[in-house]
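Heads up: the structure comes next, in structure tokens.
In this note's numbering, the protein residues as written are 73 to 386.
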């Protein structure tokens, strides 16, 4: 557990081998050709090569590439956004089809300039993916939309397989880490999703290494469970540039395993925890049984005849 005052060398367990094979480079070219953004690239995710090349999953970032907020942990650029691109949902869906994705995460920059926070474009994107690739499971990861809960009905209109909204950090550090976001507002958003669609799995993520204590992490788990959140991911915060928050310390893989066990024992249905874990990590494994059955039927060409299908490979 390395303490950090300025900049500390990353431990060995955070060093990864980059695999830029033909599959990865081809997908990257497709993104540029379709004028699409992915949080995989914008947030400098360390798992991009595994997800794109091996797991057939990707995280699209809609509503442009400019965020109206300036969170101190995030590498996505901040400024005045462009006008809405209503052709974006269909381009995302077309790319999902071309890439042969089995699971897709749709996230977005925060658009506080929009009355609905971008909910309408979110809904259209999910519907477009459903039309083109009926078996592909879809997870959405929106901002808190400034607490405009009426827009949730629009957002959920496409019936996503997972609803994800990240609290990012513990209560005490929220104001320092997340611009304009509120800890309790995020919790309420997650609860209201359950009120609208009780069967939709909800999910949230926590970064560690920002100065939180173990007790605060456990408290955050309890807060999420109190708001009926099903899935939790826990990963190491990595400073994207010198302008962002410093890493206070690096957690050892054994600590992540301990946190995972605590989360599961407390009642989360699924937990991913590790130095490289990000919100979308292994997201394709986190859908419920109904969604997994649909994915098997369409993605592998099975025809459902009433028998129970094996989901162990998903």
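Where a beta carbon is used, it is the ideal one built from N, C-alpha and C, also for glycine.
Original post:
Taking the beta strand (DSSP E) that residue 213 falls in, what are its first and last residues?
Top reply: Annotation: the continuous beta strand (DSSP E) that includes residue 213 extends over 209–213.
Original post:
Apart from the five residues just before and just after residue 343, which ones in its own chain have a Cβ nearer than 6 Å to its Cβ?
Top reply: The residues are 304, 332, 335 and 336.
Original post:
So residue 282 and residue 245 are in contact, right, with Cβ under 8 Å, and what is the actual spacing, rounded?
Top reply: So it is a contact: roughly 6 Å between Cβ atoms.
Original post:
Does the Cβ-Cβ distance between residue 153 and residue 185 come in under 9 Å?
Top reply: Contact flag set, yes.
Subject >> Beta-carbon proximity list for residue 182, same chain, < 6 Å, skipping 5 on both sides >> reply: Its chain contains 139, 140, 141 and 215 as the residues whose beta carbon lies nearer than 6 Å to that of residue 182, once the 5 sequence neighbours on both sides are disregarded; these appear in chain order.
Original post:
What's the C-alpha gap between residue 166 and residue 278?
Top reply: Their backbone Cα atoms lie some 32 Å apart in a straight line.
Original post:
Three-state secondary structure (DSSP) at residue 337?
Top reply: Correct three-state label for residue 337: helix.
**OP:** Pull up the DSSP beta-bridge partners for residue 346, would you.
**Re:** Paired residue(s): 307.
**OP:** Identify, in the order they occur along the chain, each residue of the same chain with its Cβ nearer than 8 Å to the Cβ of residue 297, setting aside the five sequence neighbours on each side.
**Re:** Result list for residue 297: 338, 339 and 340, in chain order.
Subject >> For residue 263 and residue 300, believed in contact at Cβ under 8 Å, the rounded distance >> reply: So it is a contact: roughly 6 Å between Cβ atoms.
Subject >> Boundaries of the alpha helix (DSSP H) in which residue 289 is found, first to last residue >> reply: Counted as a single uninterrupted DSSP element, the alpha helix (DSSP H) harbouring residue 289 occupies residues 286–298.
Subject >> residue 162 CB to nearest heavy atom of the ligand ADP below 8 Å >> reply: With respect to the ligand ADP, the structure shown offers nothing to examine, as it has no ligands at all.
Original post:
For the beta strand (DSSP E) that residue 131 lies in, which residues bound it at each end?
Top reply: Start and end: 129–134.
**OP:** Can you grab the Cα-Cα spacing for the pair residue 206 / residue 251, in whole Å?
**Re:** Using only the alpha carbons, I get a separation of about 36 Å.
**OP:** Taking all protein chains shown into account, decide if residue 226 is buried (16 or more other Cβ within 10 angstroms of its Cβ) or exposed.
**Re:** Result: buried.
Original post:
Any idea what DSSP makes of residue 276, helix, strand or coil?
Top reply: DSSP places residue 276 in the strand class (E or B) of the three-state scheme.
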